[in-house]
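Everything on this sheet refers to the single structure shown next.
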Amino acid sequence: MIAKTFQGLEEVLVQELENLGAEEIKVLKRAVSFVGDKALMYKTNFHLRTATRVIKPIHKFNAIDTDEVYKGIQEIDWSEYLSLKDTISIDSTISSEDFKHSKFVTYRVKDAIVDQFFEKTGDRPSVRVVNPTLRINVHIDKNTCTVSLDSSGESLHKRGYRVAETAAPLNEVMAAGMILMSDWDKKSNFIDPMCGSGTLLIEAALIAYNIPVGLYRKEFGFQKWSDFDQDLWDEIYNDETEIDFDANIIGCDISDKAMEIAEQNIRNAGLRRKIKLNVIPFQQFIPPVEKGILITNPPYGERLKVKDLEGLYSMIGERLKHQFMGYDAWILSYGKECFDSIGLRPSRKVTLFNGPLECRFQKYSMFAGSKKDTFKDRKESNR
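Residue numbers (the working numbering): 323 to 705.
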């Protein structure tokens, strides 16, 4: 099977798969392949926080044009996966000089499937883009065509708890990946001082309390498959134990509207008693005495317009330096000038893609009483 993810999150996904008992794990580009049984396929969809889809390859062949794609698709006995009453949706991704148009490949795949049914029965299944019975993924790399069944249905980032969003919401999979990458101990405080719609807070709470991200989903793709095992799924779905978390998960934002949206999403996730919210600017926020971790995704002038980015990030640096001693702070942003304005020396740098934007996710270890962590202080000490 193959679990898809965002670029930069592959190693985090590997760890998640290892924890679920996957075998023969291999890192691919924006994906991780692994081996497991039906139970593991159900578990990966239900538990994986950093996967966008889990697909199951069923056939591989070589093709140099769409006629050969048509023939290769007809090598599959589609009656094993479909009946005439079922509906299909086809997604094609192409990385080949011989195939210029993914839509034409999709049409030929559809023709091959429905023609096979028509030749045998005189009737054909229907194509349905929204909520089909079976989602089929076709990937062509040069001349190698891999046909897979999409076991997830809708993208796994659509957890089901989000009922409202701000102008630039952070993707749920990205948020979970950032938290897992941070090595947060899940015992200390978690703070997002610019929380927006609350995605980082919710994902942190789900991790801290061991709540599966698939719990809020109405359904997964595999539940419509002909070999779906309801008893096995019930066993996996019900075999969950929430753990205790004694520290604080705290979010604040300067925007009343953002806080209302965050509260709606948190309440819908059933986490209202587990997350504390405050309408307060970062400049005025005082963290708890007990140490912890700060992770945030500030505005960086792409989708959200900020009049004074340099001033914003300079303020972030000052607050971290003076109020968050003993904390680890992680900042996701875009543009070198934003990080330069923070004025702190990062202890770790990671490249992540927030949508189409190549961003940096940087860690700042705020050691109490040390002046060597800031560019400004180092300059002053050299005078």
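C-beta atoms are modelled at their ideal positions from N, C-alpha and C, and glycine is treated no differently.
The model shown is predicted, which means the values in this text are computed figures rather than measured ones.
{"query": "Nonlocal neighbours in the same chain, by C-beta distance under 7 Å from PHE646, ignoring five residues either side", "result": "PRO609, LEU616 and MET688"}
{"query": "Cα-Cα separation between LEU523 and LYS508, rounded to whole angstroms", "result": "13 Å"}
{"query": "N-terminal and C-terminal residue of the beta strand (DSSP E) that GLY633 is part of", "result": "Here GLY633 belongs to no beta strand (DSSP E); instead the alpha helix (DSSP H) covers 631–645."}
{"query": "Inter-residue Cα distance where the pair is TYR686 and LYS480", "result": "30 Å"}
{"query": "Stretch-stretch touch, CB-based, cutoff 8 Å, three pairs: the stretch 570–583 with the stretch 383–391", "result": "no"}
{"query": "Beta bridge counterpart(s) of HIS461 as assigned by DSSP", "result": "THR415 and THR468"}
{"query": "Rounded C-alpha distance that separates PRO379 from ASP561", "result": "28 Å"}
{"query": "ASP662 to GLN329 span [Cα, whole Å]", "result": "24 Å"}
{"query": "Buried or exposed (CB count within 10 angstroms, at least 16 for buried), HIS644", "result": "exposed"}
{"query": "Cβ contact check for the stretch 535–549 and the stretch 472–479: 3 or more pairs under 8 Å", "result": "yes"}
{"query": "Contact under 8 Å by Cβ, VAL449 with THR415", "result": "no"}
{"query": "Whole beta strand (DSSP E) elements within the stretch 573–603, 3-residue minimum", "result": "598–601"}
{"query": "Start and end residues, beta strand (DSSP E) containing VAL349", "result": "345–350"}
{"query": "Assumed close pair TYR483, ASN367 - CB separation to whole angstroms, cut-off 8 Å", "result": "In fact, because the Cβ distance is near 16 Å, the residues do not count as touching under 8 Å."}
{"query": "Under the three-state DSSP convention, the category CYS660 falls into", "result": "helix"}
{"query": "From THR374, ASN453 and VAL485, residue whose alpha carbon lies closest to that of GLY592", "result": "VAL485"}
{"query": "Close-in-space but distant-in-sequence residues of the same chain around ILE576 (CB under 6 Å, 5 per side omitted)", "result": "PRO603"}
{"query": "Helix, strand or coil at ILE558 according to DSSP, with G and I counted as helix", "result": "helix"}
{"query": "Element boundaries [alpha helix (DSSP H), containing THR618]", "result": "Where THR618 is concerned, there is no enclosing alpha helix (DSSP H), although the beta strand (DSSP E) it sits in stretches over 614–618."}
{"query": "Neighbourhood of VAL672 by C-beta, 6 Å cutoff - its chain only, sequence neighbours within 5 removed", "result": "PHE683"}
{"query": "Range covered by the alpha helix (DSSP H) that runs through THR428", "result": "424–443"}
{"query": "Minimum C-alpha distance to LYS407 - residue among ALA353, VAL436, THR468 and ASP420", "result": "VAL436"}
{"query": "Residues bridged to PHE675 (per DSSP)", "result": "GLU680"}
{"query": "Between the CA atoms of HIS461 and MET323 - distance to the nearest angstrom", "result": "14 Å"}
{"query": "In DSSP terms, what TRP652 is bridged to", "result": "ILE617 and LYS685"}
{"query": "Own chain partners of PHE697 with C-beta closer than 6 Å, once the 5 adjacent residues on each side are dropped", "result": "Note that PHE697 scores a pLDDT of 45, beneath 50, so its modelled location is shaky; the value from the coordinates is reported in the next line. Around PHE697: GLY665."}
{"query": "Sub-8 Å separation of VAL354 and LEU339 beta-carbons", "result": "yes"}
{"query": "Residue burial classification, ARG430 (beta-carbon count within 10 angstroms, cutoff 16)", "result": "buried"}
{"query": "Proximity below 8 Å, CB of ASN384 to CB of THR468", "result": "no"}
{"query": "Same chain only: Cβ atoms within 8 Å of GLN337, ignoring 5 sequence neighbours per side", "result": "LEU502"}
{"query": "Residue range of the unbroken beta strand (DSSP E) whose run includes VAL354", "result": "353–357"}
{"query": "Own chain, CB closer than 8 Å to LYS348, minus 5 neighbours either side, in chain order", "result": "VAL354, SER355 and PHE356"}
{"query": "Cβ-based neighbour list, SER424, same chain, cut-off 7 Å, excluding 5 preceding and 5 following", "result": "SER414, THR415 and ILE416"}
{"query": "PHE368, enclosing beta strand (DSSP E) - first and last residue", "result": "Premise fails: PHE368 lies in the alpha helix (DSSP H), 360–369, not in any beta strand (DSSP E)."}
{"query": "Coarse secondary structure for VAL509, derived from DSSP in three states", "result": "Residue identity check: residue 509 is Lys in the sequence provided, not Val. The answer is coil: DSSP assigns LYS509 none of H, G, I, E or B."}
{"query": "Contact set for GLN606: own chain, Cβ-Cβ below 8 Å, skip 5 residues either direction", "result": "none"}
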